[in-house]
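In this note's numbering, the protein residues as written are 462 to 661. Don't be surprised by glycine CBs; every beta carbon is placed ideally from N, CA and C.
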Amino acid sequence: MNTPLFTKTFINSAILKGKFKEHQKIKKELLSLQKDAPGKSSVLNDAYYKDNITFTDWFHGSNLKRPWVKFFLQHFVPYWGSMATELGYGELRINKVWFQRYKKSSIHNWHVHGANYTGVYYLDFPKGSAATEFIDPKDNKTTFFNNIEEGDIIFFPCYVIHRSGLQEIDKQKTIISWNLDFVTVRKDLLHISDKKRGLL
Numbered sequence: 462m463n464t465p466l467f468t469k470t471f472i473n474s475a476i477l478k479g480k481f482k483e484h485q486k487i488k489k490e491l492l493s494l495q496k497d498a499p500g501k502s503s504v505l506n507d508a509y510y511k512d513n514i515t516f517t518d519w520f521h522g523s524n525l526k527r528p529w530v531k532f533f534l535q536h537f538v539p540y541w542g543s544m545a546t547e548l549g550y551g552e553l554r555i556n557k558v559w560f561q562r563y564k565k566s567s568i569h570n571w572h573v574h575g576a577n578y579t580g581v582y583y584l585d586f587p588k589g590s591a592a593t594e595f596i597d598p599k600d601n602k603t604t605f606f607n608n609i610e611e612g613d614i615i616f617f618p619c620y621v622i623h624r625s626g627l628q629e630i631d632k633q634k635t636i637i638s639w640n641l642d643f644v645t646v647r648k649d650l651l652h653i654s655d656k657k658r659g660l661l
């Protein structure tokens, strides 16, 4: 039996959570712009996926010139920059941005994303809506933010297994999500000596 190549745990999966201060300022306009956005429902029921998403424009996610996305990015790029700085990174690259609506009985089951970091902005989130859930890779137990409110943002590594749980209330929620890559390291970290890193 092969043994692990490296067993020292030195990386924590940072999941950031915060409140977007401009939420009330942009919510109405964002929802209005999304009304005319091209998209469709996404219902999958096979050996792998068990999804029932009321509406998504994920299929157009790489087109960053969609009207609602252009408006959204004006407000969010600086926020992402501050999160990148907190995590130790510099320049970032935006790969995809999309929104999803969930009516009662909708669900987006366990999955991962293909980039460095992703996140969720809870644009329209009635009380009692299903929040994002996570599987802790250390013990395979489900953990979740049980105090998510409308206007909150979470920011987490794409490899963390997560889902949008079953929407049990008879109200629609709308979220915005994204995939980002970090392309540079924060400049002050470039001068940390190897001896101080202490990884090995």
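Query, Result
"Cα-Cα separation, residue 470 to residue 601", "Low per-residue confidence applies at residue 470: pLDDT is 48, beneath 50, and the placement is therefore not dependable, though the value from the model is reported in the following sentence. Each residue's alpha carbon lies about 16 Å from the other."
"Burial state of residue 583 (16 or more Cβ within 10 Å)", "buried"
"The stretch 557 to 565 / the stretch 625 to 645 touching (three or more Cβ pairs under 8 Å)", "yes"
"Residue 557 beta carbon less than 7 Å from that of residue 523", "yes"
"Per DSSP, the bridge partner or partners of residue 554", "642"
"Coarse secondary structure for residue 613, derived from DSSP in three states", "strand"
"Cβ separation of residue 640 and residue 572, assumed to be a contact under 8 Å, to the nearest whole Å", "With 8 Å as the limit, residue 640 and residue 572 do not qualify as a contact, their Cβ atoms being about 12 Å apart."
"Contact under 7 Å by Cβ, residue 644 with residue 552", "yes"
"Exposed unless 16 or more other CB atoms sit within 10 angstroms - verdict on residue 607", "exposed"
"Residue of 604, 540, 534 minimising C-alpha distance to residue 616", "540"
"Any 3 or more C-beta pairs closer than 8 Å across the stretch 481 to 490 and the stretch 504 to 515", "no"
"Inter-residue Cα distance where the pair is residue 478 and residue 586", "16 Å"
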